[in-house]
Every structure is written in C-alpha cells, then in structure tokens.
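Chains as they are written, first to last, in numbering that gives the first Met the number 0: chain C, 0 to 68; chain V, 0 to 355.
Just so you know, even glycine gets a beta-carbon here, dropped at the ideal spot from N, CA and C.
Here the structure comes first, spelled out in structure tokens, and everything after it is commentary.
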Amino acid sequence: MTRASALLLALLLGACVTVRPWERERLARRAMEPDGHGASSGFQAHVASVRFGDPPAGGGGGGGGCGCR
Amino acid sequence: MSLRALTAALVLVSCGGATARPVGRGELTLHGGVYTDRDQVTVWNPAVRARVPVSRGTLVTGSYGVDLISAASVDVVASASRVVEQRHEGALGARTTLDGRTAVEATARLSVEPDYRSLSGSFAWERETEDRHRTVRLELRGRRDEAGPGWVLQRPETLRAVAGSALVTQVVSARTLVRVGLQAEHLQGWQASVYRFVPVDGAWYPERLPEARTRASATVRVLRSLAPTVSLSGEYGASLDGWGVMVNAVDTSVRWETAPWLVLEGRARVLRQERAVFYQGTYGALTVYRTRDRLLGGYTAFWPMVTARVQLPSWPAERRWELGASASWLHQRFDDFPLLPVRDALTAELWLSRYF
Numbered sequence: 000m001t002r003a004s005a006l007l008l009a010l011l012l013g014a015c016v017t018v019r020p021w022e023r024e025r026l027a028r029r030a031m032e033p034d035g036h037g038a039s040s041g042f043q044a045h046v047a048s049v050r051f052g053d054p055p056a057g058g059g060g061g062g063g064g065c066g067c068r
Numbered sequence: 000m001s002l003r004a005l006t007a008a009l010v011l012v013s014c015g016g017a018t019a020r021p022v023g024r025g026e027l028t029l030h031g032g033v034y035t036d037r038d039q040v041t042v043w044n045p046a047v048r049a050r051v052p053v054s055r056g057t058l059v060t061g062s063y064g065v066d067l068i069s070a071a072s073v074d075v076v077a078s079a080s081r082v083v084e085q086r087h088e089g090a091l092g093a094r095t096t097l098d099g100r101t102a103v104e105a106t107a108r109l110s111v112e113p114d115y116r117s118l119s120g121s122f123a124w125e126r127e128t129e130d131r132h133r134t135v136r137l138e139l140r141g142r143r144d145e146a147g148p149g150w151v152l153q154r155p156e157t158l159r160a161v162a163g164s165a166l167v168t169q170v171v172s173a174r175t176l177v178r179v180g181l182q183a184e185h186l187q188g189w190q191a192s193v194y195r196f197v198p199v200d201g202a203w204y205p206e207r208l209p210e211a212r213t214r215a216s217a218t219v220r221v222l223r224s225l226a227p228t229v230s231l232s233g234e235y236g237a238s239l240d241g242w243g244v245m246v247n248a249v250d251t252s253v254r255w256e257t258a259p260w261l262v263l264e265g266r267a268r269v270l271r272q273e274r275a276v277f278y279q280g281t282y283g284a285l286t287v288y289r290t291r292d293r294l295l296g297g298y299t300a301f302w303p304m305v306t307a308r309v310q311l312p313s314w315p316a317e318r319r320w321e322l323g324a325s326a327s328w329l330h331q332r333f334d335d336f337p338l339l340p341v342r343d344a345l346t347a348e349l350w351l352s353r354y355f
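Set out below in structure tokens:
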C-alpha cells in the first residue's frame with residue numbers, strides 16, 4: 000500500500016498538466032472544496048476516533064469521552 | 000462559461016505574484032452535535048470556534064466544546080451502569096504566512112474529563128507551489144495523556160504519543176484534484192481501559208495491553224468535477240499497526256450545488272478491520288495481554304451521511320454566512336463479541352458560521 004502511494008505520488012509530482020487560471024472555474028466551485036466545514040469535520044473525526052479507534056484529528060481530543068476508555 | 004463566473008474563478012484561484020496574501024478570513028461558528036447509540040450512550044456536544052485575523056499575515060484560532068455524556072457503554076464495564084460525566088476540550092492556535100506561498104501553524108489542545116486528561120500540541124508547515132498546482136503540508140504532533148484513577152487503576156498512568164504526517168494536494172487537470180496522505184504514530188504507556196475487566200476461565204482480571212503501539216497509514220483521494228455543479232470524491236485508506244490491527248477503508252461522496260446558495264452532499268464510508276493478535280472473544284487461560292475492547296477485534300463498519308449547507312451570498316460571491324445540518328447512521332458488526340455483536344448509532348449536527 001505504501002509503495003503504491005509512493006508511486007502514485009511520484010506520478011502526480013512529475014506528470015501533471017498545466018491548468019491555466021482561466022481554466023479553473025470548476026476547481027473554484029463550492030462543490031470542489033476538498034474539505035467540509037471545519038467544526039463538522041472535527042465532530043465527525045471525534046466520532047471516528049472513539050468508535051473506530053482512529054488517531055484523533057489534530058492530535059488532540061485523546062480523551063475517552065463516551066466511556067470508551 | 001459566463002463572464003461573471005469566469006471573473007469569480009480568476010479572483011478565487013488566480014496565480015498571484017509573490018506578495019503576501021491574507022492568511023485566511025475571520026470566522027465565528029456555533030456548532031451543536033449529538034451522538035446516540037443502542038448501547039445506551041448519548042453524547043451532546045455544543046461547541047464554539049473562532050478564527051481571528053490579527054494582521055494581514057497572521058490568524059489566531061480558538062475553540063471550546065464540551066461532551067455531555069449521559070451513559071457509559073455496557074461493553075466497557077462488567078454490567079451496564081449509568082454514568083453521567085462531562086468532557087471539556089479547548090484549543091488555541093496561530094497560523095502565519097512566511098511569504099506569499101508558505102505558512103506555519105501551531106496548535107495546543109487540552110481535553111479534560113474525570114478519568115482522562117489529554118494535552119497535545121502540533122506544528123505544521125505548508126507550502127503552495129508558485130503555479131498553485133500543488134500544496135504540501137508536513138505536520139508533527141505530540142500528546143501526553145493521563146488515565147485514571149478508575150476501577151483498575153488506583154493512581155493515574157500516562158500515555159505519550161508522537162506522530163508525523165505528510166499531505167500533498169495536487170491539481171491534475173481542470174476538473175480533478177488528488178490528495179495523498181501518509182502518517183506514522185508511536186504510542187507509549189497506558190492504553191487499556193481504567194474500568195475494564197476480562198473474564199478468564201471463570202475469574203475476572205484487569206484488562207492488559209502492550210505499552211507500545213506503532214502504526215502507519217496511507218490515504219489516496221480523488222476529487223473530480225462531473226459537471227459545473229456536481230463533484231464526485233473517492234478515497235481509499237489503509238493502516239497497519241504493531242498489534243496486528245489492519246484497516247482498509249473506502250470513502251465516497253457526491254456533492255451537488257442544487258442552487259448557487261445550497262450544497263447537498265451524500266457520503267458513505269465502508270471500513271473493514273482485522274483483529275489484534277492478542278484479541279480473543281473468550282479467554283480459556285490467562286494470557287500476558289487480554290482485552291474485551293470490541294475495537295481491537297475484527298469488525299465491519301458502514302457509515303452513510305447526508306449534509307446540507309446553505310451559503311450566503313450565493314456563489315460566486317465570497318460567503319459571509321453558512322447554515323449547515325448533517326445526519327449520519329453508523330453501523331458496526333463485530334466478528335467475535337457475542338454480548339453485543341452489532342452497534343447502531345445516529346449522529347446529527349447543526350452549525351451556523353459568520354465569516355468576516
């Protein structure tokens with residue numbers, strides 16, 4: 000998996016087309032924002048942290064909460 | 000493409016010169032979330048978040064939230080017992096631009112509840128290439144937790160964690176973004192529950208887990224515009240740790256700007272986890288490590304979610320207000336936990352943001 004990611008990363012870094020500013024309308028749309036709302040993402044990350052055991056988002060919130068410890 | 004849309008796109012994503020751009024906009028958000036599951040756990044989470052530009056190049060961020068927990072899960076304790084407690088979490092940070100393309104960010108966070116305290120800090124470096132095709136973010140995090148006292152622990156024990164991550168976001172075409180992330184984390188110290196006992200051949204023993212845990216994870220995400228107002232996202236992630244826990248996860252989402260002021264999103268996450276090497280559904284003999292934590296066993300999860308965001312004024316103007324709502328259903332099926340083989344949970348969120 001890590002090897003595949005490294006390969007993909009190398010391809011991305013070296014073989015991308017140039018997108019001119021006037022070609023970026025689609026990328027500037029609200030539907031293309033890479034992340035959701037920050038506060039909502041934080042809440043969902045905390046749910047994932049206590050229900051999936053994911054590393055807490057931002058390195059914080061390591062507390063049990065929900066009696067999970 | 001309309002002239003208005005083209006103008007907006009140029010303003011939003013134009014390749015500027017080397018002059019410093021504002022590091023970000025101010026924001027004040029009120030957020031409320033609730034989580035409830037069929038293990039009789041309900042958590043209310045009101046929170047407030049602020050981002051304040053103190054100069055053209057520096058943004059100060061702060062947040063505070065509290066978990067109001069109305070019960071504890073029955074898989075945590077020997078039998079269901081009612082617990083009402085609170086968890087408070089506050090964070091303070093700053094982000095500043097070093098030049099037009101580079102920013103650094105530092106954050107400190109404190110989480111406090113009666114039987115668990117966590118203090119963490121992070122430092123991030125972020126750089127965008129001159130052509131604005133690629134953003135690289137490197138982050139270091141550290142954490143010191145203190146668990147207990149509890150039924151198992153008379154005195155608090157500590158857990159230390161360090162983590163590093165790299166995130167690259169790349170424009171690969173006029174319609175496609177790709178994001179690749181790598182992360183490694185090492186934890187050292189107390190990682191068991193302060194309450195949990197494990198039945199072994201008719202007797203009960205405190206849960207015991209290894210003190211060291213190292214895990215690595217990688218994610219690849221592709222975000223593609225299917226039409227001017229519709230995008231599709233797909234993400235694959237995998238992680239592996241020194242306890243033998245392996246996770247594979249797939250996340251897909253569709254976003255649709257149904258109106259210039261309304262974005263709807265449907266999202267689903269499917270996750271499969273393989274158990275830790277020392278996890279057993281039942282222990283016939285005393286082992287060095289033992290647990291009844293379902294999250295260390297094998298399980299499959301399905302997590303669909305819907306979100307609606309009203310953003311004013313309408314696109315392409317810069318938003319000043321956002322009202323959002325989200326709801327999700329989390330379903331987990333555990334391979335080897337006969338007491339509670341399934342967990343179903345519902346979450347709901349509502350937030351209001353003012354940007355300035």
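Residue j beta carbon less than 9 Å from that of residue i
i         : j         : result
Asp334(V) : Arg274(V) : yes
Val197(V) : Arg289(V) : yes
Ala90(V)  : Tyr115(V) : no
Ala258(V) : Ser313(V) : yes
Val246(V) : Ser232(V) : no
Val47(V)  : Ser69(V)  : no
Ser62(V)  : Ala38(C)  : yes
Leu329(V) : Asp36(V)  : yes
Ala165(V) : Leu137(V) : yes
Thr28(V)  : Arg353(V) : yes
Val249(V) : Arg268(V) : yes
Span separating the alpha-carbon of residue i from that of residue j
i         : j         : result
Ala49(V)  : Leu139(V) : 23 Å
Ser72(V)  : Val49(C)  : Caution applies to Ser72(V), whose pLDDT of 49 falls short of 50 and renders its modelled position unreliable; the value that the coordinates give is listed next. Whole-angstrom Cα-Cα distance: 12 Å.
Gly64(V)  : Phe42(C)  : 10 Å
Leu294(V) : Ala191(V) : 12 Å
Phe355(V) : Val51(V)  : 9 Å
Arg131(V) : Thr218(V) : 22 Å
Val33(V)  : Val16(C)  : 44 Å
Gln310(V) : Val262(V) : 8 Å
Glu256(V) : Arg29(C)  : 7 Å
His36(C)  : Tyr194(V) : 35 Å
Leu176(V) : Ala284(V) : 52 Å
Ala183(V) : Ser121(V) : 14 Å
Ala237(V) : Gly297(V) : 15 Å
Val76(V)  : Arg55(V)  : Note that Val76(V) has pLDDT 47, beneath the 50 cutoff, so the model's placement of it is unreliable and the number below is only indicative. Approximately 52 Å, taken between the alpha carbons.
Arg154(V) : Pro148(V) : 5 Å
Arg178(V) : Thr134(V) : 9 Å
Leu181(V) : Ser40(C)  : 19 Å
Asp144(V) : Thr281(V) : 30 Å
Ser172(V) : Leu97(V)  : 28 Å
Phe277(V) : Val170(V) : 43 Å
Val341(V) : Arg214(V) : 26 Å
Arg108(V) : Trp260(V) : 34 Å
Glu234(V) : Arg220(V) : 4 Å
Arg318(V) : Asp34(C)  : 16 Å
Ser110(V) : Leu118(V) : 6 Å
Asp66(V)  : Ser325(V) : 18 Å
Ser216(V) : Leu239(V) : 7 Å
Thr299(V) : Glu32(C)  : 29 Å
Gln404(V) : Trp302(V) : The displayed coordinates of chain V run from 0 to 355. Any statement about residue 404(V) would go beyond what the structure contains.
Arg100(V) : Leu26(C)  : 19 Å
Where residue i falls, given that 16 or more other Cβ within 10 Å makes a residue buried
i         : result
Ala211(V) : exposed
His45(C)  : buried
Val42(V)  : buried
Phe336(V) : buried
Leu338(V) : exposed
Asp343(V) : exposed
Trp21(C)  : exposed
Leu58(V)  : buried
Thr346(V) : buried
Pro315(V) : buried
Trp203(V) : exposed
Trp320(V) : exposed
Gly243(V) : exposed
Ser78(V)  : Only weak support exists for where Ser78(V) lies, its pLDDT of 47 falling under 50; the value from the coordinates is given anyway. Exposed, by the Cβ-count rule.
Leu322(V) : exposed
According to DSSP, residues forming a beta bridge with residue i
i         : result
Pro209(V) : DSSP, once it has assigned bridges, lists no residue as partnering Pro209(V).
Trp302(V) : Arg268(V)
Gln39(V)  : Gln39(V) is not bridged to any residue.
Tyr115(V) : Glu112(V), Ala146(V)
Asp240(V) : Arg214(V)
Trp320(V) : Leu311(V), Arg353(V)
Val219(V) : Val179(V), Tyr235(V)
Gly188(V) : Leu158(V)
Thr96(V)  : Ala102(V)
Ser164(V) : Glu138(V), Gln182(V)
**Prompt:** Are at least three pairs of beta-carbons, each pair with one atom in the region 153-163 of chain V and one in the region 178-195 of chain V, less than 8 Å apart?
**Reply:** These segments touch.
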